[in-house]
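In mature numbering (1 follows the signal peptide of the UniProt record, and there is no 0), the protein residues as written are -24 to -1, 1 to 168.
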């Protein structure tokens, strides 16, 4: 699986900040956050990081949460669903609302999935394909005119994918520290 420079740089920042000593409040909040397997249907991981230019949001999710399936799209219906989900994910400004004072706009969205790489190339090995667990990793980059004003991000992924996303494990880093929260419905993350 390929990674982007956005993804790699932000994950390194997340790792370094998450490793930093936490305040008493942050430690109590983080203590309830446990690590789970990378591929758990209904569950997605959302990582947010603020920087000098704005905000990066990364989603790691089993493809089934977003598409309803994880196999290579070979039928016309599956190909259409894959195209629809790709368009929905590329429209990151519809999936997240950032407090207006920050002046943020979506710069770009990158979707990485074996399902997109294999588009239009049906597999001859249906047994191996049936056992495949495909993920979709998405990185959204938002540029902000006032990045210091980034305070809230409303996550709208549950309403966007009502049949698949059940739990989102969100974690974020800002210049003020790091925190995490588990979501079970569309909700607003307080970044400060």
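Heads up, the beta-carbon is just placed ideally off N, CA and C, and yes, glycines get one too.
Keep in mind that this is a model prediction, so the values were computed, not measured.
For residue 159, three-class secondary structure by DSSP:
Here residue 159 is taken as the residue at index 183 of the chain shown, counted from 1. Strand.
Quick check: residue 74 and residue 22, are their CB atoms within less than 8 angstroms of each other?
Translated into the one-based positions of the chain shown, residue 74 becomes position 98. Translated into the one-based positions of the chain shown, residue 22 becomes position 46. Going by C-beta atoms, residue 74 is not nearer than 8 angstroms to residue 22.
Out of 16, 163 and 122, which has the shortest C-alpha to C-alpha gap to residue 28?
Taking the first residue of the chain shown as 1, we reach residue 28 at position 52. With distances taken between Cα atoms, residue 28 lies closest to 122.
Touching by the beta-carbon criterion (3+ pairs, under 8 angstroms), the stretch 56 to 67 and the stretch 149 to 168:
no
I need the boundaries of the alpha helix (DSSP H) containing residue 20, first residue and last residue.
For the purposes of this step, residue 20 is taken as residue 44 along the chain shown, with counting starting at 1. First-last for residue 20: 19 to 26, but that is the beta strand (DSSP E), not the alpha helix (DSSP H).
If you draw a straight line from the alpha carbon of residue 141 to that of residue 124, how long is it in whole angstroms?
Here residue 141 corresponds to residue number 165 of the chain shown, with the count starting at 1. Here residue 124 corresponds to residue number 148 of the chain shown, with the count starting at 1. Answer to the nearest angstrom: the Cα atoms are 31 angstroms apart.
Quick one: using the 10 Å Cβ neighbour count with 16 as the cut-off for buried, is residue 78 buried or exposed?
By one-based count along the chain shown, residue 78 stands at place 102. Classification for residue 78: buried.
Do three or more CB pairs link the stretch 40 to 52 to the stretch 80 to 87 at distances below 8 angstroms?
Touching, no, given that fewer than three Cβ pairs across the two stretches are closer than 8 angstroms.
Among the residues of its own chain, which have a CB less than 6 angstroms from the CB of residue 145, if the five just before and after it don't count?
Start at 1 with the first residue of the chain shown, and residue 145 comes out as number 169. So the qualifying residues of the chain are 21 and 158.
For residue 68, I'd like the list of residues in its chain whose CB is within less than 6 angstroms of its CB, leaving aside the five on either flank, ordered along the chain.
Within the chain shown, numbered from 1, the residue matching residue 68 stands at position 92. Excluding residues within five positions, the ones whose Cβ falls inside 6 angstroms are 82, 85 and 116.
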